[in-house]
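Here the protein sequences come in this chain order: A and B.
Just so we're on the same page, my numbering is the position in the first sequence counted from 1, plus 14.
Just so we're on the same page, my numbering is the position in the second sequence counted from 1, plus 14.
Cβ coordinates follow ideal geometry from the N, Cα and C atoms, glycine included.
Just below is one structure, and these are the notes that go with it.
Number of protein chains: 2
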Amino acid sequence: MRQAGRYLPEYQEVRRKAGGFLEMCRDPELAAEVTLQPVRRFGVDAAIIFSDILLPLQAMGMPLVFEEGRGPVLPGPLRDERRISKLKVAEPSVDLGYVGEALRLVRARLDPQVALLGFCGAPFTLACYAIEGGTSRTQVHVRRMMYHQPELFAVLMDKLADVVISHLRFQAESGADALVVFDTWAGQLARDDWRRFAAPALQRVFDETAGLRPRLLFTLDGGHVLDEQVALGPEGLAVDWRVDLPACLDRHGGRVAVQGNLDPAVLLAPPEEVARRTAALLAAVGGRPGHVLALGHGVMKETDPEAVAAFVETAREGAGASSAQPPGRRTTGARHDG
Amino acid sequence: MRQAGRYLPEYQEVRRKAGGFLEMCRDPELAAEVTLQPVRRFGVDAAIIFSDILLPLQAMGMPLVFEEGRGPVLPGPLRDERRISKLKVAEPSVDLGYVGEALRLVRARLDPQVALLGFCGAPFTLACYAIEGGTSRTQVHVRRMMYHQPELFAVLMDKLADVVISHLRFQAESGADALVVFDTWAGQLARDDWRRFAAPALQRVFDETAGLRPRLLFTLDGGHVLDEQVALGPEGLAVDWRVDLPACLDRHGGRVAVQGNLDPAVLLAPPEEVARRTAALLAAVGGRPGHVLALGHGVMKETDPEAVAAFVETAREGAGASSAQPPGRRTTGARHDG
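This is the structure:
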C-alpha cells in the first residue's frame with residue numbers, strides 16, 4: 015500500500031511545488047523524492063514507487079483529471095464498441111517512460127537492502143474506472159456491459175491485460191524488485207462473477223509475468239475469493255484487515271507469502287495504542303512462516319506520522335523477536351489515491 | 015432489503031407528488047402506498063415498511079437533509095461531549111408515530127398471508143452517520159472517537175441502543191411481523207474492533223427485544239463476523255452476495271434462518287439471465303432448510319422491473335419445487351437509501 019502521501023508534511027511540500035497530483039506522478043524526480051520520504055523518515059524495509067493505477071489508462075488515450083476532494087475523473091468513459099476499439103494498446107517504455115525513470119532514480123538512491131516495489135491496477139479495476147469514468151460504488155455501467163455485452167467486455171479486458179502485462183515487465187526492467195497487482199473493485203463481485211469476469215484477464219497477467227519478479231495480488235474486500243486468488247499463481251497474497259490472518263496463513267502460507275493486515279484506520283489511534291495493536295497482530299500470527307507485515311490499505315491522509323512510526327518500530331521489534339524471519343523486508347505499506 | 019424505490023414508475027409518481035424522500039417517509043398514507051407497490055406488482059411474500067434508518071436520529075434532535083444525488087446530510091455531527099449529552103432519547107410512539115401509523119395502514123391492507131417487516135439501523139451504523147454527519151467511506155471521525163474517547167463513544171452507543179430498542183418494540187406493537195436490524199457500516203471493522211465497539215450495543219438490542227418478533231440481522235460486508243452475529247441471538251442472519259451461502263447454511267442453518275443472497279447488480283442483466291442466476295442459486299442451496307431467498311442488498315434505481323419480476327417468478331417456482339419450505343414467505347428484498 016502507498017506509504018507516501020498527504021499525511022507527511024514533506025510530501026505536502028513537494029506537492030505544492032509540483033502543482034498537482036498527476037504532475038508529481040509524471041515528474042520522475044518528484045516521484046522518486048516522495049517515494050523515498052517514508053524510507054528516510056520511518057526506515058521501512060521496502061519502498062513502493064509513487065505512481066497511480068490510472069496512468070496506464072491515460073497512456074491508452076483516455077483523458078484523466080484529478081480534482082481536489084473529488085477523486086479521479088475520466089471524462090470519456092468507454093461504453094461502446096467504437097470507443098473501445100479506438101483504445102490504444104500503450105507501450106509503457108514509451109508512454110509511461112516516466113515511471114521507469116522514477117524507478118531507476120529510486121533504485122540508485124535506495125539502500126540495496128531495501129526492496130523497491132512496482133505496481134499496476136488489475137484489469138477489472140482498470141475496466142471499472144474506464145467504463146464508469148471515475149469512482150462508482152454501484153458500477154452500473156460495468157455490470158450492464160458484463161451482462162449485456164460480455165464479448166465486448168472481454169475485448170476491453172484483453173486490451174487492458176496487454177498493457178498491465180507490459181507495464182509490469184517494464185517496471186521489472188526499470189529496477190522494481192517485486193510487483194504488486196492492486197484489484198480495488200473485483201472484491202465487489204460474487205464468486206461466480208469474479209471467476210467469469212475478473213479472473214481470465216488476471217490469469218493472463220500472472221501467466222505472462224511468471225518468473226519475472228515476485229508478484230503480490232491484493233484484492234480489496236476479496237476475502238471470499240482467497241483460494242481463487244492463490245490459484246492464479248502469485249508469489250504473494252495481500253489481504254485486508256478483515257481477513258483472519260492466522261487462518262489464512264495456515265491455509266495458504268505454504269504456497270504463497272501472505273501480506274497483511276493492520277487496519278490503516280487503527281493508525282488514527284494514539285501511538286501507544288497503535289503499538290499495542292501491532293504487537294497483538296504479530297502475537298496472533300505467532301511467527302508463522304511466510305508472513306509479511308503491512309497495512310491492509312494505504313495510509314489515510316488524517317494519520318499522525320507518529321502513529322506510522324509506532325507501527326514500524328513495533329514491527330521491527332517483533333521481527334527481531336521472531337526467529338523465522340530475517341529482520342529486514344518485513345514492513346511495507348501503498349495505494350493509488352494517496 | 016428495500017423493495018420499493020426509484021426503479022418503479024409508480025414510486026416515482028408518488029415521490030413527485032410528495033415533493034421529496036423525507037416527506038414521503040413521514041406521510042403514513044404515502045409510505046403505506048409505496049410499501050404496497052412491489053407486493054401488488056410482483057406478488058412477493060413479504061413487504062418491508064418504507065422508511066429510513068436515519069429517521070430515529072432526526073427524532074433524537076439531529077437535523078437531517080436528503081439532497082438529490084448526494085445522499086443524507088446531518089449538518090450537526092456529534093463529535094464532542096456537549097452535543098452527545100444534548101442528544102434526546104426519543105420516544106418512538108411520539109417522535110416516530112408516523113412509522114407506526116404507516117405500519118398499521120399497510121397491515122390493514124395487506125393479505126394476511128404476506129408478512130410485514132419493520133426495521134431499524136444498528137447502533138454502530140447510526141453512530142457513523144451521527145458522527146460523520148453523512149456517508150463517509152473512511153469514517154475518520156468515528157475512528158478518532160472510538161480510539162481516543164472510548165467512554166464517550168460508549169455513551170453515544172448506549173443512547174442509540176435505547177432508541178433502537180424502543181423503535182423495534184414500537185414497530186412490533188404497530189403491526190410488524192418481523193424486524194430487520196441493518197448494519198451498513200460495522201462490516202468495515204476488523205473482528206476485534208467489531209467485538210469491542212459494535213457488538214455490545216447490538217447485544218443489548220437483541221437481549222432487550224428477545225421473544226418479541228423474529229429478528230434478522232444484516233451486516234453489509236460482514237462475512238468475517240458471521241459466527242459473532244449468530245451468537246448475538248437473532249432468529250435470522252441476512253448475508254450479502256459474497257458470502258458462500260451453502261457453507262453458511264451448513265454452519266448456521268440449524269440455529270438461525272439464513273437470508274440471502276443474489277447480488278442486486280445481477281438484476282441489471284437481461285431477465286432470462288436473472289432467472290438463470292436465481293435458479294442456479296436455489297440449486298446451489300439444494301433445499302437446505304432455513305433458507306430465505308432475498309437480494310443481498312436493495313434494488314438499484316437503474317433496475318428494470320422486468321428483472322425483479324424474473325427473480326420473483328423463478329423464486330416462486332423454486333419454492334414450489336423445493337419440498338422443505340412452505341411456498342409462501344420466501345422472497346423479500348429493502349434498503350434505506352431507496
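Closest Cα partner of residue i within the set the options
i, options, result
"Pro89(A)", "Val113(A), Gly83(A), Val79(A), Arg97(A)", "Val79(A)"
"Arg210(A)", "Leu307(A), Phe138(A), Ser65(A)", "Phe138(A)"
"Ala308(A)", "Ala329(A), Ala141(A), Ala298(A)", "Ala329(A)"
"Thr198(B)", "Gln17(B), Leu68(B), Glu331(B), Val48(B)", "Leu68(B)"
"Phe220(A)", "Gly135(A), Val154(A), Glu286(A), Leu71(A)", "Gly135(A)"
"Glu331(A)", "Arg30(A), Ala289(A), Thr233(A)", "Ala289(A)"
"Val286(B)", "Ala212(B), Ala324(B), Ala333(B), Val128(B)", "Checking the sequence, you will find Glu at residue 286(B) rather than Val. Considering only alpha carbons, the answer is Ala324(B)."
"Asp172(A)", "Leu101(A), Val299(A), Val87(A)", "Leu101(A)"
"Trp84(B)", "Asp41(B), Arg55(B), Thr149(B), Arg29(B)", "The sequence shown places Arg at residue 84(B), not Trp. The shortest Cα separation from Arg84(B) among Asp41(B), Arg55(B), Thr149(B), Arg29(B) belongs to Thr149(B)."
"Glu327(A)", "Phe56(A), Leu166(A), Pro106(A)", "Phe56(A)"
"Ala213(B)", "Leu246(B), Val128(B), Glu187(B), Ser65(B)", "Leu246(B)"
"Pro86(B)", "Thr317(B), Glu242(B), Gly34(B)", "Gly34(B)"
"Asp254(B)", "Glu242(A), Gln202(A), Ala297(A)", "Gln202(A)"
Inter-residue spacing [alpha-carbon to alpha-carbon] between residue i and residue j
i, j, result
"Asp191(A)", "Val58(A)", "15 Å"
"Leu92(A)", "Asp235(B)", "29 Å"
"Asp125(B)", "Ala61(B)", "10 Å"
"Leu194(B)", "Pro164(A)", "Contrary to the premise, residue 194(B) reads as Val rather than Leu in this sequence. Answer to the nearest angstrom: the Cα atoms are 36 Å apart."
"Leu44(B)", "Gly114(B)", "13 Å"
"Ala32(B)", "Met38(B)", "6 Å"
"Phe196(B)", "Arg265(A)", "32 Å"
"Ser336(B)", "Glu95(A)", "Interpretation of Ser336(B) is limited by its pLDDT of 49, a score under 50 that renders its predicted location unreliable; the figure taken from the coordinates is listed afterwards. About 43 Å."
"Ala338(B)", "Ala200(A)", "Note that Ala338(B) scores a pLDDT of 40, beneath 50, so its modelled location is shaky and nothing firm can be said."
"Arg269(B)", "Arg151(A)", "33 Å"
"His350(A)", "Phe232(A)", "At His350(A) the pLDDT is 37, less than 50, meaning the model places this residue with poor confidence; the figure from the coordinates comes in the next sentence. If you take the alpha carbons of His350(A) and Phe232(A), they lie about 12 Å apart."
"Asp41(B)", "Thr223(B)", "27 Å"
"Ala4(A)", "Arg302(A)", "No answer is possible for residue 4(A): it lies beyond the span of chain A, which begins at 15 and ends at 352."
"Leu36(A)", "Asp109(A)", "15 Å"
"Pro106(B)", "Thr49(B)", "20 Å"
"Gly300(B)", "Arg30(B)", "43 Å"
"Glu187(B)", "Asp207(A)", "42 Å"
"Val28(B)", "Ala46(B)", "11 Å"
"Leu170(B)", "Ile98(B)", "6 Å"
"Pro77(B)", "Ser65(B)", "17 Å"
"Ala297(A)", "Phe167(B)", "28 Å"
"Arg291(B)", "Asp241(A)", "23 Å"
"Leu295(A)", "Gly267(A)", "16 Å"
"Arg123(A)", "Leu251(B)", "54 Å"
"Glu24(B)", "Arg54(B)", "11 Å"
"Ala333(B)", "Gly147(A)", "41 Å"
Beta carbon of residue i nearer than 8 Å to that of residue j
i, j, result
"Ile63(B)", "Val120(B)", "yes"
"Glu249(A)", "Arg229(A)", "yes"
"Gly274(B)", "Gly310(B)", "yes"
"Tyr143(A)", "Pro284(B)", "no"
"Arg205(A)", "Val239(A)", "yes"
"Met159(B)", "Ile145(B)", "yes"
"Gly387(B)", "Leu130(B)", "Any property of residue 387(B) remains undetermined from this structure, which presents chain B solely from 15 to 352."
"Pro70(A)", "Leu182(A)", "no"
"Pro52(B)", "Gln17(B)", "yes"
"Leu117(B)", "Gln72(B)", "no"
"Val306(A)", "Val272(A)", "yes"
"Tyr112(B)", "Pro319(B)", "no"
"Glu82(B)", "Val154(A)", "no"
"Asp176(A)", "Val128(A)", "no"
"Gly237(A)", "Gly237(B)", "yes"
Contact belief for residue i with residue j at Cβ below 8 Å, rounded distance in angstroms
i, j, result
"Val313(B)", "Gly75(B)", "Contact doesn't hold; Cβ gap of about 32 Å is too wide."
"Glu263(A)", "Ala215(A)", "The amino acid occupying residue 263(A) in the given sequence is Leu; Glu does not appear at that position. The pair is not a contact, with the Cβ atoms about 28 Å apart (cut-off 8 Å)."
Distance cut-off 7 Å: residue i Cβ against heavy atoms of the ligand COA
i, result
"Pro77(B)", "Among the components modelled here there is no ligand, and therefore nothing to report on the ligand COA."
Check whether the stretch 257-265 of chain A touches the stretch 277-290 of chain A, taking contact to mean three or more Cβ pairs, one atom from each stretch, closer than 8 Å. no
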